[in-house]
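The sequence shown maps to residues 1 to 317 in the UniProt record's numbering.
Glycine included, every Cβ here is placed at the ideal spot set by N, Cα and C.
Note that the structure is predicted; figures quoted are calculated from it, not measured.
What follows is a set of notes on a single structure, which appears directly below.
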Amino acid sequence: MGDISPTSTSNGETPLGTGTGSSAASSTLPSDLEAFTLSRFDELVAKGELIYEPSTGEIVEDQGFKAEIRYVPHLRRKPIIPSDAPERKTGQGRNPFVNPEPQFVLCAVGPDHLLMLNKFCVYRPSLLLVTRKFVPQSDGLDGSDLAAAWALLRHPSLSRPYMMIYNCGYEAGSSQGHKHMQLWEYPAESELGFKLFPEKAESELTIASDIAHVPHKHFVLRLPEGADDACLVQTYGRLLGEVRKAHAAAGGGSAYNVILVKEWMCLVPRRHCGLERGAGSNAAGVVGMVWISDLAERHTWTSPGLKEYYEYLGIPQ
Numbered sequence: 001m002g003d004i005s006p007t008s009t010s011n012g013e014t015p016l017g018t019g020t021g022s023s024a025a026s027s028t029l030p031s032d033l034e035a036f037t038l039s040r041f042d043e044l045v046a047k048g049e050l051i052y053e054p055s056t057g058e059i060v061e062d063q064g065f066k067a068e069i070r071y072v073p074h075l076r077r078k079p080i081i082p083s084d085a086p087e088r089k090t091g092q093g094r095n096p097f098v099n100p101e102p103q104f105v106l107c108a109v110g111p112d113h114l115l116m117l118n119k120f121c122v123y124r125p126s127l128l129l130v131t132r133k134f135v136p137q138s139d140g141l142d143g144s145d146l147a148a149a150w151a152l153l154r155h156p157s158l159s160r161p162y163m164m165i166y167n168c169g170y171e172a173g174s175s176q177g178h179k180h181m182q183l184w185e186y187p188a189e190s191e192l193g194f195k196l197f198p199e200k201a202e203s204e205l206t207i208a209s210d211i212a213h214v215p216h217k218h219f220v221l222r223l224p225e226g227a228d229d230a231c232l233v234q235t236y237g238r239l240l241g242e243v244r245k246a247h248a249a250a251g252g253g254s255a256y257n258v259i260l261v262k263e264w265m266c267l268v269p270r271r272h273c274g275l276e277r278g279a280g281s282n283a284a285g286v287v288g289m290v291w292i293s294d295l296a297e298r299h300t301w302t303s304p305g306l307k308e309y310y311e312y313l314g315i316p317q
């Protein structure tokens, strides 16, 4: 992939154009990836080593914006590394992705990444795509990261579409300091009860930044059918440029969320993770898939109204 602008970020991110392509990533994946993943997932759930139980969701609407609030009690057991912990800068200390427990590792994804099962799952299955070597979660995605994610999203064994999220920085909702993306099935509108707002973007060329009823700043581009790694890198670079402008206009910051499916890519700038108010949110939350572990968190989301809380988590429109 050739270099594009911007090639680096203000917070030490690696160049966008670096890394191996999706063909290299695809070559290490098993042909029966989905069946293998589900079999291992169910095995670890049965052994009690992987924490998952079916959860229920309700649709909440505020001023035209819809979100599903999903009650997942076991998430209160999920560890969150503090924002100032040395693990976020060095990878030393509590790092589940360096020498991971072998039963959670599914396969290599190219030379730079591992595909793992998430120990704390909202969906069946919930996957982690982690860098083999320590890279801070505050760094952005590079070409290798995007190629690895793209190889998984386009894998021929998948019976349903998947989505990838990346929480860049503590304020974006990252629980760990070692770079990792997350993947799970992309819910259909008929299952979720509404259409996620990035789906409403119409153009592969003009960035959508004012989708109706979305209370926080967002930047979305559709992806052409058959998009390759270079297209992903270019799209990410354009959207990231808009995120930086939004942060600068709002007085600073660098955190953001990435949401990627085969049809579109969305970036959302973040100011707060939400934990300081009692209800954190990652990339899933900012597009309308909210997870809570108790009713107090629901109150935090809904008592001021969804609009106000999204404006707090991100940057108001």
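With 8 Å set as the bound, which would you pick, yes or no: does the beta-carbon of Phe197 sit closer than that to a beta-carbon of chain B?
The structure shown contains no chain B; it holds only a single protein chain.
I need the straight-line Cα distance from Phe197 to Glu191, nearest angstrom please.
15 Å
If we ignore side chains and look at the alpha-carbon of each, how far apart do Glu202 and Ala212 end up?
13 Å
Thinking C-alpha only, which one of Tyr52, Arg160, Tyr236 is nearest Arg222?
Tyr236
Just reading off the alpha helix (DSSP H) that Gly169 is part of, what are its end residues?
It is not in any alpha helix (DSSP H) - Gly169 carries neither H nor E in the DSSP assignment.
Cut-off 6 Å between Cβ atoms - residues of its own chain near Arg160, not counting five sequence neighbours on either side
Glu185
Round the Cβ separation of Leu117 and Val109 to the nearest angstrom and send it over; I've been treating them as touching at under 8 Å.
14 Å between Cβ atoms; not a contact.
Glu225 - containing alpha helix (DSSP H), residue span
Unbroken run through Glu225: none, as it is neither H nor E.
What three-state label does DSSP hand Ala279 in the structure shown?
coil
Backbone secondary structure at Ala208 - three-state DSSP
strand
Pick from Pro187, Asp142, Leu44, Cys231 that is closest to Glu204, judged by C-alpha positions
Cys231
Distance CB(Val261)-CB(Met163) smaller than 8 Å
yes
Considering just the uninterrupted stretch of the beta strand (DSSP E) at Asp145, what are its terminal residues?
Note, Asp145: premise wrong, no beta strand (DSSP E); alpha helix (DSSP H) at 143-153.
Identify whether Tyr71 lies in helix, strand or coil by the three-state DSSP scheme.
strand
Give me, in chain order, the residues of the same chain whose beta-carbon lies closer than 7 Å to that of Pro304; leave out the 5 immediate sequence neighbours on both sides.
none
Glu308 to Gln63, Cα distance in whole Å?
11 Å
Straight-line gap, Pro100 to Asp145 (C-alpha atoms, nearest Å):
19 Å
Close Cβ partners of Arg70 (< 6 Å) along its chain, the five nearest in sequence each way excluded:
Ser55, Gly57, Trp291
Could you give the residue range of the alpha helix (DSSP H) that holds Asp294?
That residue, Asp294, is in no alpha helix (DSSP H); it is neither H nor E in DSSP.
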